[in-house]
Amino acid sequence: MNDTGCARVVIDTKPEHPAPVESASPSMASIHATQPPSVVKPPAPAAEAGVESEQPSTTIHQGSKRHKESKHGHYGGEQQTKKQKKRVDLVKPEDDLKDAQYYFDNGLRKIKPYFFKYRTYAKGRWLGRPLIEVFSTEFRDRDNTFYERAIQDGRIKVNDETVSQSYIVKNSDIVAHDIHRHEPPVADLPVKVVRQEDGVIIVDKPSSIPVHPSGRYRHNTVLHILMQEQGYKDLFPVNRLDRLTSGLMIIALSVKKAREFELMMQRCEIKKEYVCKVQGQFPSGVTECHQPIHVASFKLTLNTVHPDGKACSTIFELLRYDPQSDTSIVLARPITGRTHQIRVHLQWLGYPITNDPLYHNRDIWGRLNGKGGISEDMEKDLVKKLLERAELEDEHDYALAASNVGMVQIDGAPDHPKAEFCQICQLPSREDPAPDKRVMYLHAWKYQAKDWAFETDLPDWAKEAAPQAVPEASQERDPVPS
């Protein structure tokens, strides 16, 4: 995504892949390169609990290009098929960066709206369906009338040609859509490079900023901010953090170096430590969780503990309990790397991250808030409820745009009492996110391997809750062998 003063941007996407998050101020960020201590396994807990971890990045970004690992285990141009090369060559991502116009307001980094061409190969589920049906069902942020007009005006094209609404989508079709984009704002905090050595940079990522272009975000991402403001050209994330997660990121400066780090992650040679603030009094000592996790909804990026899920393990350790707020600072060491693993396992254990918007919400998960897992029927109802909620917000936006006069009330939809409308796309402007919506109390603190160790300073919320206990507990423990 790109936000400029109406510059035109082109990007190509490939068939679907899983989706992929306030951070310490720059003065807090420090990196220490040290030799790791000897490996000692901690005592086993009395009972088995749940686990979470973070996945290595399987998608490599060169500028904004996406280089996926081939079946031969190579990235980018290495052993690519002609079809793969053609897809990569569809877009020149560097061209749009120069047009990104950032500005800062109300504690937020913002981007001026811009024209953007979304271009993708037809997905398998689109084949044999009328073009208007594909857009009206797959992209529900606009109503049917909007897409009818867009096809008629040539803003939606197939293979660079204007077609009718009844055009039947075929295999290998390239579908393009010219749209006016409004990227959501992110926290006005610098993406600070705290160390650069041996072909990698170590970054202290603020909360609220996504790692790479995805969904509604393009320029308000770690990669594009680094390229735009610090002059980097080729960046290859080794690890990915959720948008609201803060902390340590390792970004390679070459495909070769990224491959080295990914192999280390696959072999569990990199030990990771996170700190989090959870609800309730977490058990003292060490707690292990080995509950399998599966994807309940790719569209929502929602994961739950499930017997048929993928195996994963997380080691937790209480650092400090604050009885006044009934919260605990907990150290988490993910052994495997599943999406949302730490968050899901903490929820399953009954100690969700205090401000986790997805996994700590009784309105969604019920009285037990997902503790101990949920049934198949509950999971289906949960996914349905969340999808309806997301669609309701989009429906409210285009209903407002259609009227462009006063309020169009939809039961249960958020109010926009003084909505301002974009003169180009007629969508109402969204309110700035509140400060408490820009942060989640989960921070990637330390990464270490045999010959190196990187670490960031702790965020304020962890320092205030455990100013002395955190460093002491960290020194007493050693990495757990995988």
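For the sequence shown, the UniProt record's numbering assigns the number 1 to the initial residue and increments by one for each residue that follows.
The beta carbon of each residue, even a glycine, is placed where N, CA and C say it ideally should be.
Comparing C-alpha positions only, which one of the options sits nearest to residue i?
i	options	result
Q448	Y441, T456, L442	T456
T314	V286, G215, D326	V286
L241	L382, I342, V194, V255	I342
K437	F115, R243, Y147	R243
D188	G107, A311, I250	G107
P213	D363, C289, P184	P184
S284	V330, E431, C276, R109	V330
D99	Y114, K110, R109, T339	Y114
K112	T336, R389, F104	F104
R109	Q196, M440, Y217	Y217
A252	V193, C268, I353	V193
H345	G372, S136, D160	G372
N303	Q347, F139, P334	Q347
W126	E376, V203, L387, N171	N171
V175	S429, Y118, D204	Y118
M264	V222, R195, G337	G337
L131	H443, D204, D432, S164	S164
R320	N144, L235, H177, A462	A462
P435	G366, S207, V305, E317	S207
L248	D198, I202, M227	I202
A311	S136, Q426, K233, P292	P292
L427	R142, D234, S325, F135	R142
E376	P307, K123, N159, F316	P307
M378	E388, R389, G366	G366
A332	L387, W445, D322, E431	W445
Where does residue i land, buried or exposed, given buried means 16+ other C-beta within 10 angstroms?
i	result
Q423	exposed
Y274	buried
Q266	exposed
K256	exposed
N239	buried
G231	exposed
N220	buried
S166	exposed
F298	exposed
P357	exposed
G128	exposed
H17	Since pLDDT at H17 reaches only 35, below the 50 mark, its modelled position is unreliable, and no value is offered.
A296	buried
T120	buried
K157	buried
R181	buried
S57	For S57, the pLDDT reaches just 44, beneath the cut-off of 50, and the residue's location in the model is therefore unreliable, although a value from the coordinates is still provided. Buried, by the Cβ-count rule.
P237	buried
K82	Residue placement at K82 cannot be trusted, given a pLDDT of 48 that sits under 50; what the coordinates show is reported in the next sentence. So K82 ends up on the exposed side.
L368	exposed
G370	buried
T339	buried
E420	exposed
D96	buried
V51	Per-residue confidence for V51 stands at a pLDDT of 31, beneath the threshold of 50, marking its modelled position as unreliable; no derived number is given.
K380	exposed
E229	exposed
Hey, quick one: how far does the beta strand (DSSP E) through residue i stretch, first residue to last?
i	result
W445	442-448
Q196	192-197
E455	453-455
Since residue i and residue j are thought to touch, with beta carbons under 8 Å apart, how far apart are those beta carbons, to the nearest angstrom?
i	j	result
Q279	Y351	6 Å
V191	I225	5 Å
L300	V383	7 Å
V186	I209	5 Å
Y441	K277	4 Å
F281	S328	Checking the displayed sequence, the identity of residue 281 turns out to be Gln instead of Phe. Indeed they touch by this definition, with Cβ atoms about 6 Å apart.
G309	H290	Contact flag wrong, Cβ pair sits at about 11 Å.
I353	K385	About 21 Å; that fails the 8 Å criterion.
K450	E260	In fact, because the Cβ distance is near 13 Å, the residues do not count as touching under 8 Å.
F116	I168	Wrong, their Cβ atoms sit about 26 Å apart, outside the cutoff.
K205	V222	6 Å
In the DSSP assignment, the alpha helix (DSSP H) including residue i goes from what residue to what residue?
i	result
R362	362-365
Using 8 Å as the limit for Cβ to Cβ distance, is residue i near chain B?
i	result
M265	In the structure shown, chain B does not exist; there is a single protein chain.
Discussion item. Quick check on the DSSP output: what are the complete alpha helix (DSSP H) runs of length 4 or more inside the UniProt domain "Pseudouridine synthase RsuA/RluA-like" (200-347), in order along the chain?
Written reply: 222-230, 255-266
Worksheet item: Enumerated in chain order, which unbroken segments of the beta strand (DSSP E) with a length of 3 residues or greater are wholly contained in the segment 151-188?
Response: 156-158, 174-181
Practice prompt. Identify every run of the beta strand (DSSP E) within the segment 98-145, keeping only runs that are complete inside it and at least 3 residues long; order them along the chain.
Written response: 102-105, 108-111, 114-121
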